[in-house]
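Here's the structure, in structure tokens; my notes come after.
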Amino acid sequence: MDRTCIGVIPYLNALPLVADLPRDLPGVEIVEGLPSTLARQLRGGEIDVGLVPQVEACVLPDYRIVPGPCIACDGPVRSILLFRRVPWTEVRRIAVDRSSNSSVELLKVLRRIDDLPDSPVESVPPDLGRLEGSDPFDAVLLIGDPALAAARSSWERDDLGELWKERTGLPFVFAAWVGRQGLSSRARQLLEEAWRNGTAKKNDLACQFVDENPGILSAAEACEYLDENISYHLGPRQVEALEQFHRLRLQFGSAVDSAWQPRFFEEVS
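Numbering of the sequence shown is given in the working numbering, commencing with residue 249 and proceeding in unit increments.
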């Protein structure tokens, strides 16, 4: 039996996609890592499929997206936040958490949509303390659970999902299952089953997360986050959003394939 290595991410918003993946099934290995780490592992062949930033889908010509599951928002996302000490239009120096390349690229696109200059971004560990001190950053981009944990801070902040919705009218896809063309139908079936089972018990998963990670969110807040802020279906509007984001990246000078369109595996019957 061929071995399949599946890369998963450790955030609350990923639980409905990954919690029900089999951990003890012969021939299947589950590897956990940050989204950007999984993207590198996918390129290097260390994993066969990964829940990776959507910008990874256009990197290699034989990449395909598993139809159906994704991590997306259609308005405020609550877990991709730019905390800042100056107004949005005056931000020039940004500290970014590079754990998700999609979020960093989204920040760049949003600033260009608003006719703001490219601002230097520096990869640093996520820490709001970088807005203070003798040489402070103008803004800090936090992603995933660190953003949720920092939500009660007094700093001004921008929700990137909300900004994207205001400027385009579209949802935004942060991550999807991406693999190479030869990914087995068995592996894709496992991903689809985990998605269907996990999204059916989001509240249970949210409460379990709160029990295991006290101090980030209350149970009610975690349930609301998964129910109202995060969506898990890669439908026609989400595909349109992928295409629009790619066009804007091209327009603003990113070195991406101008002919790229989202390419999908065949649905598992």
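C-beta atoms are modelled at their ideal positions from N, C-alpha and C, and glycine is treated no differently.
Small disclaimer: the values here were computed from a predicted structure and weren't measured.
Taking a 10 Å sphere around the C-beta of GLY430, we find fewer than 16 other C-beta atoms and assign the residue as exposed. If you compare the alpha carbons of PRO462, CYS471, SER466 with that of LYS449, the shortest gap goes to CYS471. Secondary structure of ASP363 (DSSP, three-state): coil. For SER479, the uninterrupted beta strand (DSSP E) run begins and ends at 479-481, by DSSP.
Judged by DSSP in its simplified three-state form, SER502 adopts coil rather than helix or strand. Here DSSP, grouped into helix, strand and coil, assigns PRO394 to helix.
The beta carbons of VAL314 and TRP403 sit no closer together than 8 Å. With contacts defined by Cβ atoms closer than 8 Å, SER479 and ASP322 form a contacting pair. Secondary structure at GLU440: helix, using DSSP grouped into helix, strand and coil. Taking 8 Å as the cut-off, the beta carbon of LEU408 is found closer than this to the beta carbon of LEU330. ARG346 is a Cβ neighbour of VAL352, given a cutoff of 8 Å. Under the Cβ criterion (8 Å, minimum of three pairs), the stretch 427-445 does not count as touching the stretch 375-382. Closest by C-alpha distance to LEU439, out of PRO264, LEU260, VAL307, PRO258, is PRO264. Exclusion of the five residues before and after GLN437 leaves VAL516 as the residues of its chain whose Cβ lies within less than 8 Å of its Cβ.
Three or more beta-carbon pairs drawn from the stretch 301-309 and the stretch 335-350 are found closer than 8 Å, and the two stretches are therefore classed as touching.
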